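Visitor: In numbering that gives the first Met the number 0, the protein residues as written are 0 to 257. All C-beta atoms in this analysis are idealised placements derived from N, C-alpha and C, irrespective of residue type, glycine included. Model, not experiment: these values are computed from the prediction.
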Amino acid sequence: MTTAAYDYETVHGIVNAASVVHVSFVPPSPSGTHDDPQERMPIILPMIGKVGLYPEGGDDAPACYLHGHVSSRLMKISPAATDSHESESDPFYVCIAATHVDGLVLALSPFSHSYNYRSAVLQGTVTVVSDLDEKLWAMTLLTNGVLPKRWDTTRNPPTSAELQTTQVLKVHIVSASAKIRAEGPHDDRSDIQNEELVKRVWTGVVPVFEGFGEPVPGGYNVVQTIPEDIREYLRQQNVKRKNDAIRAAKGGDDAVVE
């Protein structure tokens, strides 16, 4: 059974656990008319995105933060066009999707095959983060979302050039939902009762999970030992992700992983 979820914890957890989110939008028309068919073409970009609540901003709900070089397609949107998500004139909308595949669901019939998965979709309006404190907070959120504590263990503070060439967007979430499948295969009763078919075709779930390999030193790295916090994080995540995929194959959160 595929279940839908709308609670913050589930939706935001799926987004924050994703290495990559996909951001869809229709760019504003330079002419304001979209007479050119090319101007009406939707665009989708893979990006890093994390959901968080800026503690000093007075917001009553978390937002999704995105970042990129100022010359990239999405970041070139004029701040004037996104200066306020409260604007009634012409807010700029985006849709953000995150998906994790947890298993290959193999059934008796090709039409009954599926994936175990977790997916989330956010829809919202965009503003450019111009406040320096919030920008630094968002960059910390994004950096530590890739690897915990990484912001504090690397060279800081950012240079003026880094801040000038990096733009942060804040997506004020208007709607959000998640869909999750975590179970074994389902087939038509007639197929299940077909003794020859059942004896011939293997059915079940192949767990799928994203894992980390052994770190490879960079060309100018001189640190001989991989920091213990990095190694422990990689170990814990590999165990967690594998167990999550196996648990989904066995039917969800209540399943026992041996």
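Taking Gln-122 as the reference, which of Glu-8, Phe-91, Thr-98 and Ser-159 has the closest Cα?
Guide: Ranking the options by Cα distance to Gln-122, first place goes to Phe-91.
Visitor: Under 7 Å between the Cβ atoms of Arg-246 and Ile-179?
Guide: No, Cβ-Cβ distance for Arg-246 and Ile-179 is not below 7 Å.
Visitor: Starting from Lys-49, trace the beta strand (DSSP E) in both directions and tell me its first and last residue.
Guide: Counting along the chain, the beta strand (DSSP E) containing Lys-49 begins and ends at 48 to 51.
Visitor: Going by DSSP in three states, Asp-89 sits in which element: helix, strand or coil?
Guide: Of the three classes helix, strand and coil, the one that applies to Asp-89 here is coil, per DSSP.
Visitor: Kindly indicate which residue of Leu-65, Pro-226 and Ala-60 has the alpha-carbon position closest to the one of Leu-146.
Guide: Residue Pro-226 is the option with its Cα nearest to Leu-146.
Visitor: Just the Cα atoms here: how many angstroms apart are Pro-109 and Gly-203?
Guide: When rounded, the distance between both Cα atoms is 13 Å.
Visitor: Would you check if the segment 50 to 70 and the segment 129 to 139 touch, i.e. whether three or more CB-CB distances between them fall below 8 Å?
Guide: With a cut-off of 8 Å, the segment 50 to 70 and the segment 129 to 139 count as touching, because enough Cβ pairs lie within range.
Visitor: Would you call the CB atoms of Ala-119 and His-21 closer than 7 Å?
Guide: No.
Visitor: Can you tell which of Gly-57, Phe-211 and Gly-144 has its C-alpha closest to the C-alpha of Gly-12?
Guide: If we check each option's Cα against that of Gly-12, Gly-144 comes out closest.
Visitor: Beta strand (DSSP E) containing Leu-121: first to last residue?
Guide: Residues 113 to 127.
Visitor: When the Cα of Arg-188 is compared with those of Ala-16, Ser-111 and Leu-73, which residue comes out closest?
Guide: Cα-wise, what sits closest to Arg-188 is Ser-111.
Visitor: Can you name, in chain order, every residue of its own chain whose Cβ lies under 7 Å from the Cβ of Asp-186, other than the five neighbours on each side?
Guide: Cβ within range, chain order: Ala-106, Leu-107, Ser-108 and Ser-111.
Visitor: Do you know how far the Cα of Val-238 is from the Cα of Ala-17?
Guide: Going by the C-alpha atoms only, they are around 16 Å apart.
Visitor: Would you call the CB atoms of Val-167 and Val-128 closer than 7 Å?
Guide: Yes, they are a contact pair.
Visitor: Which word fits Val-125, buried or exposed, when buried means at least 16 other C-beta atoms lie within 10 angstroms of its C-beta?
Guide: It counts as buried.
Visitor: Which whole-angstrom value describes the C-beta separation of Ile-172 and Ala-4, a residue pair presumed to lie in contact below a C-beta threshold of 8 Å?
Guide: Wrong, their Cβ atoms sit about 15 Å apart, outside the cutoff.
Visitor: Would you kindly report the start and end of the unbroken alpha helix (DSSP H) that includes Ala-244?
Guide: Run containing Ala-244: 227 to 248, per the alpha helix (DSSP H) assignment.
Visitor: Out of Ser-176, Ala-181 and Ser-159, which has the shortest C-alpha to C-alpha gap to Asp-243?
Guide: Closest option to Asp-243, Cα to Cα, is Ala-181.
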